[in-house]
Structures are given as structure tokens and as C-alpha cells.
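Trainee:
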Amino acid sequence: MNNVNLVGRLAKDPVARDRGDTRITELTLVTERPRIREGKVQKDPVTGFPLKDAEFHKVTIFNGMGIGVRNHKHKGDLLAVIGRIHYTRWTDGDGQTRYGCEIIAEEVEFL
Numbered sequence: 712m713n714n715v716n717l718v719g720r721l722a723k724d725p726v727a728r729d730r731g732d733t734r735i736t737e738l739t740l741v742t743e744r745p746r747i748r749e750g751k752v753q754k755d756p757v758t759g760f761p762l763k764d765a766e767f768h769k770v771t772i773f774n775g776m777g778i779g780v781r782n783h784k785h786k787g788d789l790l791a792v793i794g795r796i797h798y799t800r801w802t803d804g805d806g807q808t809r810y811g812c813e814i815i816a817e818e819v820e821f822l
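For this note's numbering, add 711 to where a residue sits in the sequence shown, where the first one is 1.
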């Protein structure tokens, strides 16, 4: 099973590009999780609140589902994304094999 559920904020405005009849919307979603060291949640010594680590996820949305995101969402807005992980492999201009990972969105909700 290949399912991903993310809730986070846009790191930057969505990027729209079209390839023929296919509309592609790309975005970077930032999620946060508690910082854990040696099995314990780390806390800020001043405030006592848990420290968090950010993770950045490349999300690709195809066709009509991405139009609302393109037109109405901007950096800092909160989104929920349901989708799947997709891995790619390519050879760059120097002949080096490169690898990438992205989330292909199947559902996007504005929060």
C-alpha cells in the first residue's frame, strides 16, 4: 500500500506549468514533527514548549485539481494532501545518475 497523508503549510507560492494538455501544479509543503533525541521530546528551555523539526515535501498535482491551488493558495497557507510517493531516476548532464522523490496528490483540501 502506498498512501501519504500530509498537513502543512506552503513553503512558497505554487508553481504552474503546462505540458501539452496536461496541467501540472507543483508545490512545496512544510510539515513539522516533534524533535526527539535519545527517545525524548526536546523542549525549549525558555518556554517549555516542544521543539519541532520541519520537513519539506515536493508535491505534484495534475490537471483540474491543481487549478484551485494555483489560483487561491499562497505561501504560508495550510493544506491537507492525500496521495502517494513516487520515485524517479534520471541521468544528469554530467552523466551522473540522480534520484528524486515526490508526492503525487490524489486529494487536496484547503484548511
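Note that CB positions come from ideal geometry on N, CA and C, so glycine has one too.
This structure is a prediction, so every number in the text was calculated from the model and none was measured.
State the DSSP-derived secondary structure class of residue 768, mapped to helix, strand or coil.
Mentor: Here the question's residue 768 lines up with position 57 in the sequence shown. Looking at residue 768 - three-state DSSP - the assignment turns out to be strand.
Trainee: Classify residue 768: buried if its beta carbon has 16 or more other beta carbons within 10 angstroms, exposed otherwise.
Mentor: Translated into positions along the sequence shown, residue 768 becomes position 57. Counting Cβ neighbours within 10 Å, residue 768 comes out buried, since at least 16 surround it.
Trainee: With DSSP as the reference, label residue 777 as helix, strand or coil.
Mentor: Mapped onto the sequence shown, residue 777 falls at position 66. Per DSSP, reduced to three states, the secondary structure at residue 777 is helical.
Trainee: Between the Cα of residue 740 and those of 800, 723, 749, 729, spot the shortest distance and give me the residue it belongs to.
Mentor: The residue labelled residue 740 in the question sits at position 29 within the sequence shown. Answer by Cα proximity: 723.
Trainee: So which of 786, 809, 729 has the shortest CA-CA distance to residue 777?
Mentor: Taking the first residue of the sequence shown as position 1, residue 777 is located at position 66. Measuring from the Cα of residue 777, the nearest candidate turns out to be 729.
Trainee: Looking only at its own chain, which residues have a Cβ that is under 6 angstroms from the Cβ of residue 785, when we skip the five neighbours before and after it?
Mentor: As a working mapping, residue 785 is identified with position 74 in the sequence shown. Correct list, in chain order: 724.
Trainee: Can you tell me whether residue 797 is helix, strand or coil according to DSSP?
Mentor: If you number the sequence shown from 1, residue 797 lands on position 86. Strand at residue 797.
Trainee: In the DSSP assignment, the beta strand (DSSP E) including residue 757 goes from what residue to what residue?
Mentor: For the purposes of this step, residue 757 is taken as the residue at position 46 of the sequence shown. No beta strand (DSSP E) contains residue 757, which DSSP labels as neither H nor E.
Trainee: Whose CA, out of 797, 752, 746, 779, lies closest to the CA of residue 811?
Mentor: Locating residue 811 in the sequence shown gives position 100, counting from the first residue. The shortest C-alpha separation from residue 811 is found at 797.
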